[in-house]
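Residue numbers (UniProt numbering), protein chains in the order written: chain X, 1 to 323; chain C, 1 to 323.
No residue lacks a Cβ here, since even glycine has one placed at the ideal position from N, Cα and C.
For reference, the structure discussed in these notes is given below.
Okay, structure coming up:
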């Protein structure tokens with residue numbers, strides 16, 4: 001049974017709705033479930049009509065369901081603060097200002113959001129022992145997935161650094177026979193310890209994502225969304241991550257059979273086009289379609305959420321596709 | 001008259017369709033127009049049913065209309081190649097391997113895409129003299145917008161670097177009276193020249209985006225899209241970039257007045273919900289709504305594109321809202 005379930009897909013396809021519906025389904029099946037939202041628009045708050053923050057909070061009126069919202073802006077600030085604190089411990093006061101400027105510069109680059117968010121994901125995964133199921137309303141893509149290759153890079157970097165420092169220590173000991181102070185310092189080297197820590201975090205992330213996580217992609221029945229989904233599947237495959245199934249969301253409902261008029265004609269044509277796209281999805285992907293969810297007239301919240309949950313053929317117990 | 005027009009908005013709202021429709025409108029008004037697409041799904045190719053690449057190519061069957069597609073993957077590769085080449089000219093062969101690893105590491109971070117794309121945007125803006133109008137199907141957001149603050153950071157960095165090197169040269173000249181060689185070297189310093197070049201590029205980008213560009217945001221009539229648009233307007237305002245107008249896309253058509261049945265009921269409720277959202281958009285934003293574009297039954301291409309272009313109340317001549 002996978003503890004972590006991710007619903008990926010491009011902005012606007014309905015990831016948050018599907019994630020909240022699946023989390024509700026898990027909770028109602030008796031699992032202690034946490035839904036983690038990273039949507040800057042904080043739509044989890046809309047779905048449950050309740051404010052959430054960075055700490056898991058029980059969803060009112062639901063049993064065994066908790067939610068938290070991660071704010072990318074706050075994560076970047078927190079990230080900068082931590083690096084600053086660690087640097088200040090390790091360097092002389094004279095260059096603190098210079099380093100502050102460099103840290104701020106680094107956090108102005110695009111991607112600082114994604115990196116900080118991914119760090120927070122890892123943190124949530126490490127400390128999620130209280131929950132049977134953790135549902136994320138997004139899934140690592142492009143740049144973030146490439147971070148999973150970091151351990152190999154860091155490994156080489158650490159090895160070369162350790163080799164250089166060991167050589168220095170050897171020379172020092174030859175000069176000052178019997179003095180083991182330098183070797184002790186090497187064992188405690190804060191930079192090497194930090195790199196080692198990073199490497200282990202990303203190794204943990206890679207392992208957890210590969211062995212204890214299930215990924216679903218949310219797709220809309222239009223060409224653009226299909227193309228983007230193909231791309232996402234390929235990007236994930238590059239990192240040995242498989243996709244469990246596809247959730248087709250925003251499917252237009254059909255009119256009555258005998259219905260006539262501008263509206264019925266439009267709907268009928270639209271339904272026919274979407275039917276072609278859904279057939280294409282079933283043909284083009286090896287991954288099964290685990291739900292076709294109809295567009296609702298209003299935003300999905302309250303009782304509508306339970307209705308959407310019923311349409312998801314994803315087994316709450318196994319985090320996998322229902323037989 | 002702004003030469004550059006950007007259509008921003010989250011994924012899936014229909015930026016490429018609106019951009020291509022507006023570019024067509026400009027071309028038909030007699031302007032030599034280039035549409036620049038950065039969509040990894042390359043939907044410009046679908047809209048015009050023609051393949052495009054990194055070089056502007058005439059759109060078949062249309063006058064005065066060119067299109068190009070920028071591939072973020074290729075841009076990252078090109079970016080890495082350039083940095084490598086420059087580094088290899090400046091450093092000893094012994095550390096080239098180490099630098100290669102560092103460059104590759106840097107390009108594995110999230111955001112490398114956005115940074116490389118923005119560089120390419122600047123390049124397009126610098127060399128677009130042949131076109132009266134250049135239309136981008138995306139607009140800088142979050143991380144990329146923060147790059148506009150780079151010139152100030154680089155300025156301080158360059159100043160400190162020049163001061164340090166000048167001091168070294170002064171000392172050198174005191175020791176070797178009359179030898180001006182070191183001072184000449186300082187004037188030609190490749191690192192300082194490179195930083196200076198970066199600074200000027202980003203200054204050019206900031207100036208061009210602020211003074212010669214018009215920004216429109218594409219929004220769908222739902223709460224999530226409205227919230228995301230508010231966020232985008234605020235992010236742009238932080239960098240002194242104003243939004244000219246909002247394009248409401250994917251508006252559901254109404255059924256006939258006397259139409260009855262499941263389809264008519266669904267459409268009527270849906271239209272009513274969207275009407276509330278559009279009223280909210282008109283209330284919540286200072287920026288005018290310059291178009292309400294109905295959802296089409298099929299993907300917008302061919303003749304449909306001209307129909308959509310007609311619905312855009314954006315003046316082709318002025319790149320601003322029609323009176």
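Residue i and residue j closer than 9 Å at C-beta
i: residue 289(C); j: residue 300(C); result: no
i: residue 63(C); j: residue 27(C); result: yes
i: residue 73(C); j: residue 54(C); result: no
i: residue 135(X); j: residue 52(X); result: no
i: residue 20(C); j: residue 130(C); result: no
i: residue 195(C); j: residue 154(C); result: yes
i: residue 38(X); j: residue 77(X); result: no
i: residue 336(C); j: residue 58(X); result: No information on residue 336(C) is available, as it lies outside the stretch 1 to 323 that chain C covers here.
i: residue 324(C); j: residue 277(C); result: Since the first residue shown for chain C is 1 and the last is 323, residue 324(C) is missing from the structure and cannot be characterised.
i: residue 4(C); j: residue 141(C); result: no
i: residue 253(X); j: residue 262(C); result: yes
i: residue 330(X); j: residue 302(X); result: Residue 330(X) is absent from the model: chain X starts at 1 and stops at 323.
i: residue 266(C); j: residue 255(X); result: yes
i: residue 272(C); j: residue 24(C); result: no
i: residue 311(C); j: residue 294(C); result: yes
i: residue 274(X); j: residue 222(X); result: yes
i: residue 213(C); j: residue 2(C); result: yes
i: residue 230(C); j: residue 313(C); result: no
i: residue 119(C); j: residue 79(C); result: yes
i: residue 216(X); j: residue 236(X); result: no
i: residue 169(X); j: residue 192(X); result: no
i: residue 176(X); j: residue 239(X); result: no
Three-way DSSP call (helix, strand, coil) for residue i in this model
i: residue 269(C); result: helix
i: residue 70(C); result: coil
i: residue 241(C); result: coil
i: residue 300(C); result: coil
i: residue 44(C); result: helix
i: residue 250(C); result: strand
i: residue 291(C); result: strand
i: residue 130(X); result: coil
i: residue 59(X); result: coil
i: residue 394(C); result: Because chain C spans 1 through 323 in this model, residue 394(C) falls outside it and cannot be assessed.
i: residue 119(C); result: helix
i: residue 153(C); result: helix
i: residue 323(X); result: Any reading at residue 323(X) is ruled out, since the residue's pLDDT is 47, under 50, leaving its predicted position unreliable.
i: residue 315(C); result: strand
i: residue 202(C); result: helix
i: residue 136(X); result: strand
i: residue 112(X); result: helix
Distance between beta carbons of residue j and residue i, contact taken as under 8 Å
i: residue 218(C); j: residue 15(C); result: 5 Å
i: residue 292(X); j: residue 251(X); result: 5 Å
i: residue 75(X); j: residue 34(X); result: Actually they do not touch by this definition, with Cβ atoms about 18 Å apart.
i: residue 18(C); j: residue 247(C); result: 5 Å
i: residue 145(C); j: residue 202(C); result: Not quite, the Cβ-Cβ distance comes to about 12 Å (not below 8 Å), so this is no contact.
i: residue 333(X); j: residue 122(X); result: Not covered by the structure: residue 333(X). The range shown for chain X is 1 to 323.
i: residue 43(C); j: residue 224(X); result: 6 Å
i: residue 13(C); j: residue 12(X); result: 6 Å
i: residue 270(X); j: residue 297(C); result: 5 Å
i: residue 160(C); j: residue 189(C); result: Wrong, their Cβ atoms sit about 14 Å apart, outside the cutoff.
i: residue 124(X); j: residue 47(X); result: No, residue 124(X) and residue 47(X) are not in contact; Cβ-Cβ is about 19 Å, not under 8 Å.
i: residue 29(X); j: residue 316(X); result: 4 Å
Residue i CB to nearest heavy atom of the ligand ATP below 8 Å
i: residue 282(C); result: Ligands in the displayed structure: none, and consequently the ligand ATP is not present.
Members of the region 212-241 of chain C that neighbour chain X once the beta carbon cut-off is set at 8 Å:
220, 222, 223, 224, 225, 227, 228, 231
What residues in the region 261-274 of chain X have a beta carbon less than 7 Å from any beta carbon of chain C?
261, 262, 263, 264, 266, 267, 269, 270, 273
At a Cβ cut of 7 Å, what residues of the region 189-215 of chain C count as close to chain X, listed as they run along the chain?
none
Minimum length 3: unbroken beta strand (DSSP E) runs contained in the region 5-45 of chain C:
33-37
What residues in the region 293-315 of chain C bring their beta carbon closer than 7 Å to a beta carbon of chain X?
297, 298, 299
Quick one, which residues of the region 10-23 of chain X are near chain C if we go by CB-CB under 7 Å, in chain order?
10, 11, 12, 13
Which residues, in order along the region 246-261 of chain C, keep a beta-carbon less than 8 Å from a beta-carbon of chain X?
253, 254, 255, 256, 258, 259, 260, 261
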